[in-house]
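So the structure is just underneath, and the comments pick up after that.
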């Protein structure tokens, strides 16, 4: 498998070929021999009914390119590479039109419906790109069954047509010939179709290398095919320690210091304390040579040349000891943890491509040692703001805390800080490493012994140590059927739970005591979306979003829509600015965290709809923009009308320049945010709202909602900056309970509109009229209750038309602290809204 795959040549802008003269592609022999498909090999795939071949139309390599059957020509659009998932036995099927391995056969939109189109799309790890290849007849025919339908549907030629160009879609397995496919061995693309060139006597290609440049500094190195990081296995800081790939964890064994040493070459020094170098074992230049760690010696086996690829920041690394004929390589195209790093003949394919991710704020000295002595900066991502959580023990009400000493006991601590904040590192479904933000250590039983009574410490991650794996299991729900309390049990023995005992933690058989139960709180959240009490005084769970699921990065609208639906938890990193020409809706299910990357977090004309089977969703560090002519009443970029627990955190709605397009703005009826119907427990913290005619509309939007919608939503708006949001900033508020504190509202006409028996408690906000009227409270016919305490006001509210003061006091629902209004103004101007660096929370 490996050797055959290595013959492929990458069709990449970075790989410059000497092209031979072109001749017409031949028609394939219809009765070529069928073979047994194997991972890593390349095939033509022929339909039994028609004798025609599975084909990407126009030999395209673009997202959404259609797949049909066509007369055999041998073109790259008719050649397919199989990649097997070793854990499931299923396959991704890659078109040879993109030899980076970055595209896959794909069921459009991940739909399970009959007649869903088949296309190609960028790899995204979704079930829409996984297929089972199942025997269908005695002549080596196969069904290609889609995982998205639980393998009940298969690739099918529409209406059993036998014409070239007939579409291929998925359809329930009927066993008919138009659903059966034969795999025929195909040649690897050489980009050379001539055997009659007058200018060349051979058919060989010439692969030119273009040297790239990587600045000196610290980096994580991620393989493009597997999306795993290059690391020293098991954190062993010793000569001969193996180099492999593993899920990113930010530890010293995954950090590498680049030093340019002349001639276009670099060295790669480990982040562990010894400063040893990445080294080609024995300086060999043969396929499969291992890569290891070794003392720095300045010799050729420790020198690598970055070779440019089509993508900035992504390089192949050829070895000097091979004369640049070999390159670093993930063996067998592995996408698994512990996939080995070796060298192989340079081909520029995705298994030889590596992204260098700069690590901010690191010096050139080694970063700690084999004990994993790290700090918060190295633990947290430098690409996006991590979701951090704390564990509060239900017995003493204090935090699970790392005392900062490697191997030191995990303790109970009542003071909030980085030492009691944690990141969940996903290993597989429901299983995590629990990593401390301050130290980088993870929860580990003493001596890795999983036994009753053994203590639990903070220790460096060890990739082979499953005693560091934990399950976080809900044991009690709140009144809204949301998980409230959890037990933390060890993966090796799920009967043993993390247990508070005399101020520190140990493993003990689970018995349901409060000392074994924890609340999980999201760092930074304030108000009703956090741990609180509802209006009946009952405990309400804190929002968790997608923290209990995988982290995925999306760079297309299609991928964003795929991961947003359903109830499976995901942390969804927005890895590119996404824009649509027209209003485009993303329907959101439940248990999702959407996070914008630093510097790349703008969604234009993309509107989120949390309207059905929704809830427990977090939106963090995202900028929402929209075209000026998308301005109708229901054109709302964040629409929340179903479910409990929503948190808008450091998001920006910059709006428009209100001094331009004034004729359009005169007719604007769109808003930034709507929360209504029975959506409940919503926090809007640290956000920015810019130029717009209307801002926020909150609560059921009608006068006929009494009884049905009274009390909805319970909502907190804090530490937000409104700048030229002319009306409804902080908002038009109906029926529910609204706590607004430490917001800065500038250059506005109308602020609060208390409506239909709502209860508003306004506290220590700063209102400044700017060039507009600056009316803080605007009454309507169906007035609500309103109380302000300690705000700087731009308008006298003593004669405001309201139903009376509100008796609602949010201190009965949750703990919080406030600044004086002037300090709140200064804070919001500096820190509110989406950021290009680490987020600052008002709770810090």
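Residue numbers (my numbering): 335 to 1178. Beta carbons are placed, not taken as given, at the ideal position from N, Cα and C, and that holds for glycine. Since the model is a prediction, treat every value here as computed from it, not as a measurement.
For residue 380, the closest alpha carbon among the candidates 809, 372, 389, 373 is that of 389.
For residue 634, the secondary structure class from DSSP, reduced to helix, strand or coil, is helix. Residue 666 has its alpha-carbon roughly 29 Å from the corresponding atom of residue 391. A straight-line Cα-Cα distance of about 21 Å links residue 435 and residue 479. Taking all protein chains in view, the Cβ of residue 550 is surrounded by fewer than 16 other Cβ atoms within 10 Å, so the residue is classified as exposed.
Short of 8 Å from the beta carbon of residue 803, and not among the five residues preceding or following it, lie these beta carbons of its own chain, in chain order: 761, 765, 766, 767, 824, 825, 826. For the set 668, 1053, 843, the Cα lying nearest the Cα of residue 859 is the one of 1053.
The residue from 742, 977, 1060, 458 with its alpha-carbon nearest to that of residue 989 is 1060. The beta-carbon separation of residue 1024 and residue 1057, rounded to 6 Å, stays under the 8 Å limit for a contact. In the DSSP assignment, residue 1155 falls within the alpha helix (DSSP H) that extends over 1155-1165. Within the same chain, and ignoring the five residues on either side of residue 720 in sequence, the residues whose Cβ sits closer than 6 Å to its Cβ are 714, 757.
A Cβ-Cβ separation of about 6 Å places residue 553 in contact with residue 692 under the 8 Å criterion. The residue from 836, 853, 1169 with its alpha-carbon nearest to that of residue 817 is 853.
Within a 10 Å sphere around the beta-carbon of residue 1143 sit fewer than 16 other beta-carbons, which makes this residue exposed.
The residue from 685, 950, 965, 942 with its alpha-carbon nearest to that of residue 957 is 942.
In the structure shown, residue 862 falls within a helical segment according to DSSP collapsed to helix, strand and coil. Collapsing the DSSP output to three states places residue 518 in a strand. Along the length of the stretch 567-598, whole alpha helix (DSSP H) runs at least 4 residues long do not occur. For residue 1032, DSSP records a beta bridge to 1009, 1067. For residue 1144, the three-state secondary structure derived from DSSP is helix. Inclusion of residue 387 and residue 404 in the CB contact set at 7 Å is warranted, their separation being smaller than that value.
For residue 974, the CB contacts under 6 Å within the same chain, skipping 5 residues up- and downstream, are 944, 980, 1009, 1013 in chain order. The C-alpha of residue 1154 lies about 20 Å from the C-alpha of residue 1108.
Going by beta carbons, residue 1029 and residue 1047 fall outside the 7 Å limit. By the beta-carbon neighbour count (other beta carbons within 10 angstroms, threshold 16), residue 425 is buried. Beta-bridge analysis with DSSP links residue 554 to 691. In this structure, residue 491 places its C-beta atom within 7 Å of the C-beta atom of residue 502. Put simply, of 400, 687, 1175 the residue whose alpha carbon is nearest the alpha carbon of residue 649 is 687. Contact annotation: the stretch 466-475 does not touch the stretch 492-499, with fewer than three C-beta pairs closer than 8 Å.
For the stretch 807-834, the full-length beta strand (DSSP E) segments reaching 3 residues or more read 817-824 along the chain. Residue 667 sits in a helix when the DSSP states are folded into three classes.
For residue 495, there is no enclosing beta strand (DSSP E), since its DSSP letter is neither H nor E.
Pairing residue 672 with residue 433, the inter-Cα distance amounts to about 24 Å. Exposure of residue 1115 is indicated by the presence of fewer than 16 other C-beta atoms within 10 angstroms of its C-beta. Residue pairing of residue 838 in beta bridges, as defined by DSSP: 745, 835. When secondary structure is reduced to three states using DSSP, residue 894 falls in the helix class.
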